[in-house]
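Peer 1: Quick one: structure below, then a few questions.
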Amino acid sequence: MFSVFPTARLRPSPFYASAVAEGMTAASIYNRMIMPTSYGDPEAEYWRLINGVSQWDVGVERQVQLKGPDAGRLAQILSPRDLSNCKVGQGKYVPLCNHRGTIINDPILLKLADDLYWLSIADSDIWFWASAIAAERGMTVEVSEPDVSPMALQGPKAEDVVAHVLGDWVRQLKYFWFKETEIEGIPVAVQRSGWSKQGGFEIYLKDGTRGTQLWNIFKEAGQPWGIGPGAPATAERTESGLVGRR
């Protein structure tokens, strides 16, 4: 048995303290960050995801921000998917390919403005890849990692919890579409998306100093629906059938 602690080279997410307080017992390393993978009772995590609502720290899901006049052009170069009809407020699943056509990442793209995009990436150094492509083509675009960290609410009751916090307008969001808003003064983007088949939302926190506050808002709001902590690993076990059904 061993422990892993945050360091300068292994960052915690803004929700790390909340995950520890919830009883995190296992974690993985993802995008050089600590990603919770278990809270000690996988069966309880499983049933919350299947029947209720599960709260996830997925701050490891980093954003690669493309900003500037050529942001849309660079986004299109990076992905083989046609983005010409992508609207502000819309997200799309966009595999990224290298020069040989091999998929190197499969993020969700979020279009925040005509000159501002996020790539919500899986585990790899897409920031460096995108920066290199932009530089070699002489493009007018800034590639960076903004202070943005997602928290997920997953499960069939997730919509009720998010609507309780933000209002019934969230029920009208189409899959992968999002809206920027505030929760008690905390800047966020709210998107219908997630890693599980059960559906849910990702709340993109845009101020890393307020992670614990945001976590607690949804934790408190979700009490009537039996909210509890979970992790993407639970979704993977669910979909693979590794956790038995009753």
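Here the sequence shown is numbered in UniProt numbering, starting from 1 and rising by one per residue. Backbone N, C-alpha and C define an ideal beta-carbon position, used for all residues, glycine too.
#1: Straight-line CA distance for Val60 to Gly200?
#2: Extract the residue ranges of the alpha helix (DSSP H) inside the region 110-144, only unbroken runs of 4 or more that lie entirely within it.
#3: Closest by CA to Ile133, which one among Leu10, Pro6, Arg73, Tyr16?
#4: Taking 8 Å as the cut-off, does the region 64-71 touch the region 36-51 (at least 3 CB pairs, one atom from each stretch)?
#5: Assign Leu78 to one of three DSSP states: helix, strand, or coil.
#6: Residues in its own chain within less than 6 Å of Lys179 by CB, not counting five upstream and five downstream?
#7: For the candidate residues Gln198, Gly138, Pro150, Thr140, whose alpha-carbon lies nearest to that of Leu119?
#8: Once DSSP output is grouped into helix, strand and coil, what is the label at Arg246?
#9: Exposed or buried, what is residue 253 when buried is set at 16 or more other beta-carbons lying within 10 Å of its beta-carbon?
#10: Under three-state DSSP, which class holds Trp177?
#11: Spatial neighbours of Ile104 within its chain, please: C-beta separation below 8 Å, excluding the five flanking residues on both sides.
#12: By the three-class DSSP mapping on this structure, what secondary structure does Arg11 have?
#13: How long is the line joining the alpha carbons of Ile29 and Gly226, rounded to whole angstroms?
#14: Buried or exposed for Asn85, please, with buried defined as at least 16 other CB atoms from any protein chain shown within 10 angstroms of its CB.
#15: Looking at the unbroken alpha helix (DSSP H) that takes in Ile103, where does it start and where does it end?
#16: Short of 6 Å in beta carbon distance, which residues of its chain neighbour Ser54, apart from the five on each side in sequence? Order them along the chain.
#17: So what does DSSP say about Pro69, is it helix, strand or coil?
#18: One question on the structure: do Trp56 and Ala122 come within less than 7 Å of each other, judged by their Cβ atoms?
#19: When the Cα of Ala75 is compared with those of Asp115, Arg210, Leu10, which residue comes out closest?
#20: What are the boundary residues of the beta strand (DSSP E) that includes Gln55?
#21: Quick check: what's the CA-CA separation for Gly185 versus Ala113?
#22: Exposed or buried, Gly23, counting other C-beta atoms within 10 Å across all chains shown (16 or more means buried)?
Peer 2: Concretely, from the data shown:
#1: As a position in the sequence shown, residue 60 is number 60, starting the count at 1. As a position in the sequence shown, residue 200 is number 200, starting the count at 1. Inter-residue distance for Val60 and Gly200 is about 18 Å (C-alpha atoms, whole angstroms).
#2: 126-136, all fully within the region 110-144.
#3: Here residue 133 is taken as the residue at index 133 of the sequence shown, counted from 1. Ile133 has its Cα closest to that of Arg73, out of Leu10, Pro6, Arg73, Tyr16.
#4: No, the region 36-51 does not touch the region 64-71.
#5: As a position in the sequence shown, residue 78 is number 78, starting the count at 1. Note: Leu78 maps to helix in three-state DSSP.
#6: In the sequence shown, counting from the first residue as 1, residue 179 sits at position 179. Cβ-Cβ distances below 6 Å link Lys179 to Val190 in the same chain, with the five nearest sequence neighbours on each side left out; the list follows chain order.
#7: Taking the sequence shown and counting its residues from 1, the one referred to as residue 119 is at position 119. Minimum Cα distance to Leu119 is reached at Pro150.
#8: To locate residue 246, count along the sequence shown from 1; it is residue 246. Confidence at Arg246 is low in this model, with a pLDDT of 37, below 50, so the placement of that residue should be treated as unreliable; the coordinate-derived value is given next. Shown here, Arg246 sits in coil according to DSSP, grouped into three states, outside any helix or strand.
#9: Nothing can be reported for residue 253, as the shown portion of the chain is limited to 1 through 246.
#10: As a first step, residue 177 is located in the sequence shown; it is residue number 177 there, counting from the start. It is coil, neither helix nor strand.
#11: Here residue 104 corresponds to residue number 104 of the sequence shown, with the count starting at 1. Counting only Cβ-Cβ distances below 8 Å, and skipping sequence neighbours, we find Leu96, Cys97, Asn98, Ser124, Ile126, Trp129.
#12: In the sequence shown, residue 11 corresponds to position 11, counting from 1. DSSP places Arg11 within a strand segment (E or B) once states are collapsed to three.
#13: Along the sequence shown, read from residue 1 onward, the residue named residue 29 stands at position 29. Along the sequence shown, read from residue 1 onward, the residue named residue 226 stands at position 226. Taking the straight line joining both Cα atoms gives about 28 Å.
#14: Within the sequence shown, numbered from 1, the residue matching residue 85 stands at position 85. With fewer than 16 other Cβ atoms within 10 Å, it is exposed.
#15: If you number the sequence shown from 1, residue 103 lands on position 103. Bounds of any alpha helix (DSSP H) do not take in Ile103; it lies within the beta strand (DSSP E) bounded by 103-105.
#16: Residue 54 sits at position 54 when you count from the first residue of the sequence shown. Within the same chain, Ser54 has close Cβ partners Arg48, Gln154, Gly155, Gly230.
#17: Along the sequence shown, read from residue 1 onward, the residue named residue 69 stands at position 69. DSSP, read as helix, strand or coil, puts Pro69 in coil.
#18: On the sequence shown, residue 56 is found 56 positions in, with the first residue counted as 1. On the sequence shown, residue 122 is found 122 positions in, with the first residue counted as 1. No, the pair does not count as a contact, with Cβ atoms beyond the cut-off.
#19: Working through the sequence shown from its first residue, we reach residue 75 at position 75. Ranked by how close their Cα comes to the Cα of Ala75, the residues Asp115, Arg210, Leu10 have Asp115 in first place.
#20: Position 55 of the sequence shown holds residue 55. First-last of the beta strand (DSSP E) with Gln55: 54-57.
#21: Counted from its first residue, the sequence shown places residue 185 at position 185. Counted from its first residue, the sequence shown places residue 113 at position 113. Going from the Cα of Gly185 to the Cα of Ala113 covers about 22 Å.
#22: Against the sequence shown, residue 23 aligns to sequence position 23. Residue environment for Gly23: exposed (fewer than 16 other C-beta atoms within 10 angstroms of its C-beta).
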